[in-house]
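Numbered per our numbering, the sequence shown spans residues 716 to 857. Every residue gets a Cβ at the ideal spot worked out from N, C-alpha and C, and that includes glycine.
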Amino acid sequence: MNNLKNIKGRKMKTKINRYDIALIAAIVLINVVILFSGGRKAVHADEKIAYVYSHEELVGEYVMSDDYETEFTIGDEKSGYNTVHIENGEVWIHDASCPDKICLSQGKISRDGEIIVCLPNQFMIQIEDKSEEENDVDFMAQ
C-alpha cells in the first residue's frame, strides 16, 4: 500500500490520518442506519389512506388507523362545503351544503377503491390500501 505510483511514475507514500478515519466511520454509520431503517416510508405498508379532493385538486391525505380520529371541513358557505369525519378506520361525510345531500347517504367507507363523491361541491374522498397495492397479482401464468 505504501508503494503507490503517481501519474509520473514516482512512488508515493500514503498515510491515513484522523480525517480519513472519521470519513470512513461516517460512511459506515450512514450505511448501518440505512440498512436497519429498511427504507421505511412515512406511511406504513399496512395502512389505508383517505385522499381528499376538492375541485379536482388533492387537498389532504389522511391515514385511516383504528386509533386516529378527526373531523374537518373543506370549502365554505359561499362556494359549498363538506365536513368529513374519520374514525376507527372509516371515513364519511358528516355534513354538506349541497342541495341533494346524496354524499351524506353514501355512508362510511373503509376498503380499497371505495369513493364518496359530492358533485355539486366538486368534492371526492378515495380510499387506497397500501398493503393490498404491494400484494396485488399483476398477471397469472398457466
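| For E843, the nearest candidate out of I764, W807, N732, C833 (CA to CA) | Relative to E843, the option among I764, W807, N732, C833 whose CA is nearest is I764.
| By Cβ distance, which residues of its chain are closer than 7 Å to V758, with the 5 residues on each side in sequence left out? | Residue placement at V758 cannot be trusted, given a pLDDT of 45 that sits under 50; what the coordinates show is reported in the next sentence. Contacts found: I764, V778, K845.
| field | Proximal residues to E776 (C-beta, below 7 Å), its chain only, five neighbours per side dropped | value | I764, Y766, listed in sequence order.
| task | List the whole-angstrom C-beta distance separating N746 from G795, where the pair is believed to meet the contact cut-off of C-beta under 8 Å. | result | Actually they are not in contact, since the Cβ atoms of N746 and G795 sit about 52 Å apart, beyond 8 Å.
| task | Give every residue of the same chain whose Cβ lies closer than 6 Å to the Cβ of V832, excluding the five residues on either side of it in the sequence, and list them in chain order. | result | Closer than 6 Å at the Cβ level, and outside the excluded window around V832, lie M839.
| Collapsed DSSP secondary structure at L773 in the structure displayed | Strand at L773.
| task | Starting from the C-beta of D781, find all residues in its chain whose C-beta is less than 7 Å away, skip the five residues before and the five after it, and write them out in chain order. | result | For D781, where only same-chain residues beyond five positions count, the Cβ hits under 7 Å are N803, G804.
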